[in-house]
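Following: one structure in structure tokens, then a few remarks.
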Amino acid sequence: MLSTLATLVQYPEVIRKCFISKKVRKDGRYTFQFFRGKKWVKVEIDDKIAMEDGDVLYACSPTEEWWPLLLEKAYAKFYTAYDHLEGCTLQETFHDLTGMPVLNIPMDAKLAKTAGADVTEGAYWLDLSQRIRDGEFAAAILTKDMDIENMGLQRDQQYGVLEIFSITGTSSVSDVVVHLHNPFEDEEFIYMGPMNPKDTMWTAKLRAKYDVDNERSIFLPLRYAAEDYQLDAALLHDDAGAGRHVLR
Numbered sequence: 001m002l003s004t005l006a007t008l009v010q011y012p013e014v015i016r017k018c019f020i021s022k023k024v025r026k027d028g029r030y031t032f033q034f035f036r037g038k039k040w041v042k043v044e045i046d047d048k049i050a051m052e053d054g055d056v057l058y059a060c061s062p063t064e065e066w067w068p069l070l071l072e073k074a075y076a077k078f079y080t081a082y083d084h085l086e087g088c089t090l091q092e093t094f095h096d097l098t099g100m101p102v103l104n105i106p107m108d109a110k111l112a113k114t115a116g117a118d119v120t121e122g123a124y125w126l127d128l129s130q131r132i133r134d135g136e137f138a139a140a141i142l143t144k145d146m147d148i149e150n151m152g153l154q155r156d157q158q159y160g161v162l163e164i165f166s167i168t169g170t171s172s173v174s175d176v177v178v179h180l181h182n183p184f185e186d187e188e189f190i191y192m193g194p195m196n197p198k199d200t201m202w203t204a205k206l207r208a209k210y211d212v213d214n215e216r217s218i219f220l221p222l223r224y225a226a227e228d229y230q231l232d233a234a235l236l237h238d239d240a241g242a243g244r245h246v247l248r
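UniProt numbering numbers the first residue of the sequence shown as 1 and each following residue consecutively.
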């Protein structure tokens, strides 16, 4: 769920929709809603959060805000237990929190083309980036069952897309970089692949613009994502045309 929140926190109105209780309550009772089937389902919780050795046991907010912990607790109740969240895909979580469809876009050029997505063109990715910034979509990349752990990535894992950009300003696909959220704190999953913080491709100008040294950030060159990854784009508002546009 952390990857989903890291992605959706850029769109506070989407997160806010899950909160039925909008203000601090003296009785500690809060009501949330999540989407299931064809309707929103209400979930009520108290404000007691599980602790272990003085630390929060599950979600931790780097800004020490309380709402991510309450939202996660309500979402865990929605799935009956915290442990059950481990089986939720990012696609499911996007849908549960937004109530909107999630589009699956294969990175294999031939498969993507049959769906109307020209993933071999940098212009396609930069257009998608603009739509993400405009709040039309939230996106995530799924790694496949491949040997990528030597890069600090987990196989069969979802990473939220924070932004997509060109390091040169051109639309060449070889210059496009996907900025991902790294939800893992384990040292073995610190990203060490191409465009890692020590990569000489990072000029002083680029370092000033992007949060390169943040261990929660992964900057993955798009050329390394071909066919080995899968992109999921979640619609963030009820626009019938938006789903078609992302596939053009």
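Cβ coordinates follow ideal geometry from the N, Cα and C atoms, glycine included.
Only a predicted model underlies this, so the values are computations on that prediction, with no experimental measurement involved.
Does the distance from the C-beta atom of residue i to that of residue j stay below 7 Å?
i	j	result
GLN158	LEU90	yes
ILE49	LEU69	yes
LEU220	LEU180	yes
TYR229	PRO194	no
ILE167	SER129	no
MET151	MET107	no
PHE78	VAL24	no
ALA138	LEU236	yes
ILE190	GLU215	yes
ILE105	ALA117	yes
Whose CA, out of the options, lies closest to the CA of residue i?
i	options	result
LEU162	ALA74, GLU185, LEU231, LYS17	LEU231
LEU103	ARG36, TRP66, VAL24, ILE141	ILE141
ILE45	ARG29, PHE34, LYS38	ARG29
MET123	GLN33, PHE35, SER172	At residue 123 the sequence reads Ala, which differs from the Met that was named. Comparing Cα positions, the closest option is SER172.
ASP47	TRP67, ALA81, ILE218	TRP67
LEU153	THR170, THR93, ASP175, GLU187	GLU187
ALA234	VAL176, GLU136, ALA117	GLU136
VAL176	THR120, ARG131, ALA208, ASP156	THR120
GLY169	ILE132, ARG155, LYS209, THR200	LYS209
VAL178	GLU13, GLY99, THR200, SER217	SER217
VAL14	PHE94, ALA76, GLY54	PHE94
GLN10	GLU52, ASP134, LYS39	ASP134
GLY37	ALA74, PRO101, LEU206	PRO101
LYS39	ASP199, ARG155, LEU111, GLY99	GLY99
Between which two residues does the beta strand (DSSP E) holding residue i run?
i	result
GLU44	39-46
PRO106	102-106
SER217	217-221
GLN230	229-235
LEU153	Here LEU153 belongs to no beta strand (DSSP E), and DSSP marks it neither H nor E.
For the alpha helix (DSSP H) holding residue i, just list the boundary residues, first then last.
i	result
GLY160	That residue, GLY160, is in no alpha helix (DSSP H); its beta strand (DSSP E) goes 158-166.
ALA81	That residue, ALA81, is in no alpha helix (DSSP H); it is neither H nor E in DSSP.
GLN10	Premise fails: GLN10 is in no alpha helix (DSSP H) and is neither H nor E.
PHE189	Segment: none, PHE189 is in no alpha helix (DSSP H) and carries neither H nor E.
GLU92	90-98
Within the same chain, show all residues whose beta-carbon is closer than 6 Å to that of residue i, passing over the 5 residues directly before and after it, in chain order.
i	result
VAL212	PRO197, TRP202
LYS22	none
GLY160	SER3, ALA6, THR7, ALA140, HIS181
ARG16	none
ALA240	Low per-residue confidence applies at ALA240: pLDDT is 42, beneath 50, and the placement is therefore not dependable enough to give any value.
ALA74	PHE32, VAL43, ILE45
Can you list, in chain order, the residues of its chain whose CB lies under 7 Å from that of residue i, leaving out five sequence neighbours each side?
i	result
ARG244	Caution is warranted here: a pLDDT of 47 is assigned to ARG244, below 50, making its placement in the model unreliable, and the coordinate value is therefore given only provisionally. The answer is none, since no qualifying residue turns up.
CYS18	PHE32, GLN33, PHE34, LEU71, LEU97
Tell me the DSSP bridge mates of residue i?
i	result
THR200	In the DSSP output, where bridge partners are listed per residue, THR200 has none listed.
ASP32	Note that residue 32 corresponds to Phe in the displayed sequence, not to Asp. Beta-bridge pairing links PHE32 to PHE19, VAL43.
ILE141	TYR159, LEU231
HIS179	GLU163, PHE219
ASP127	DSSP lists no partner for ASP127.
Output needed for residue i: all residues of its chain with C-beta closer than 8 Å, excluding positions within five of it in sequence on either side, in chain order.
i	result
VAL41	GLN33, PHE34, PHE35, PHE78
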